[in-house]
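Heads up: the structure comes next, in structure tokens.
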Amino acid sequence: SLSLIFILACVVSVGVKYVNMASNLFLGMVFLSIFCMCLGCIMFSQGEFMGGLNPWDRLAFDNIWPHYEPDPVTGITPTFFSLVALFYPSVTGILAGSNRSAVLANPGRSIPRGTIGAILC
1 SLSLIFILAC
11 VVSVGVKYVN
21 MASNLFLGMV
31 FLSIFCMCLG
41 CIMFSQGEFM
51 GGLNPWDRLA
61 FDNIWPHYEP
71 DPVTGITPTF
81 FSLVALFYPS
91 VTGILAGSNR
101 SAVLANPGRS
111 IPRGTIGAIL
121 C
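Numbering (UniProt numbering), first residue to last: 1 to 121.
And the structure:
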């Protein structure tokens, strides 16, 4: 994953023009990931791949309502919004900043700095 982050940082640092050229590749990676997840679900439901889950882990209605428990180390109980704050940046990706490049004064400088800053923070 660190090598992928480094590659993405290199692509972003060369400029928005190249990010837009690479957007189809990134979109292809997203579709490949979705396809692999669907394939894994189908294989799991057919019993071809057990995936390490026990039969009692497949109960459908056990996880409908949130049952947040305190972290055993910190004692902090997460909330829905704290979990969204953790999850949302992981799915917006590199294309989120490049789509808004028209409003930036210097997109070639601002997008790489913002991307690296988001990764490090």
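Ideal Cβ placement from N, Cα and C applies to all residues, glycine included.
Query	Result
Looking only at its chain, what residues have a beta carbon closer than 7 Å to the beta carbon of VAL12, apart from the 5 residues adjacent to it on each side?	VAL19, ILE94, ILE111, PRO112 and THR115
Ignore the nearest five residues each way along the sequence and tell me which others in SER33's own chain have a CB closer than 8 Å to its CB.	none
Can you say whether PRO66 is buried or exposed, counting buried as having 16 or more other CB atoms within 10 angstroms of its CB?	exposed
CA-CA distance, THR77 and VAL30?	32 Å
Express the C-alpha separation of MET43 and VAL14 in angstroms, rounding to a whole number.	41 Å
Kindly list the residues whose CB is nearer than 8 Å to the CB of ALA22, restricted to its own chain and excluding five residues on each side of it in sequence; keep chain order.	VAL11
Would you identify the three-state DSSP class for SER45, choosing helix, strand or coil?	helix
In the DSSP assignment, find the alpha helix (DSSP H) that holds THR92 and state where it starts and stops.	80-92
Assuming SER82 and VAL16 are in contact, meaning their beta carbons sit under 8 Å apart, how far apart are those beta carbons, in whole angstroms?	Between VAL16 and SER82 the Cβ distance is about 32 Å, and since that is not below 8 Å, they are no contact.
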